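Below is one structure; the comments refer to it alone.
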Amino acid sequence: MAVPKKRTSASKKRIHKNVWKRKGYWTVLKAFSLGKSLSSGKSNSLRKSLSSGNSKGFFVRQTNKISNKT
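For the sequence shown, counting from 1, position 64 maps to 64 in full-length UniProt numbering; every step adds exactly one.
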């Protein structure tokens, strides 16, 4: 079993913990923003297919994005 050579200082522990917390904060913020846009109907990147009953999950690939405006 691997054993660390020296003890990690308290300041290093705090730095590592804050980096870990910051990553979680941004992940939560992105998830909240995505959920908010999906619930308001303003999302253009992800759409859940309501018309077809055979969707395979939450993230459904969007098809036929290009519209013919000629």
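Note that beta-carbon positions come from the ideal geometry of N, C-alpha and C, so glycine has one too. Please read these numbers as outputs of a predicted model, since none were measured by experiment.
Specify the secondary structure class of V3 as computed by DSSP and reduced to three states.
As a first step, residue 3 must be located in the sequence shown, where it is residue number 3. Coil at V3, not helix or strand.
Assign S37 to one of three DSSP states: helix, strand, or coil.
Here the question's residue 37 lines up with position 37 in the sequence shown. The answer is helix: DSSP assigns S37 an H, G or I state.
Expressed to the nearest angstrom, what Euclidean distance is found between the alpha-carbon atoms of R22 and P4?
Stepping through the sequence shown from its first residue, residue 22 is reached at position 22. Stepping through the sequence shown from its first residue, residue 4 is reached at position 4. Rounded to whole angstroms, the separation of the alpha carbons of P4 and R22 is 26 Å.
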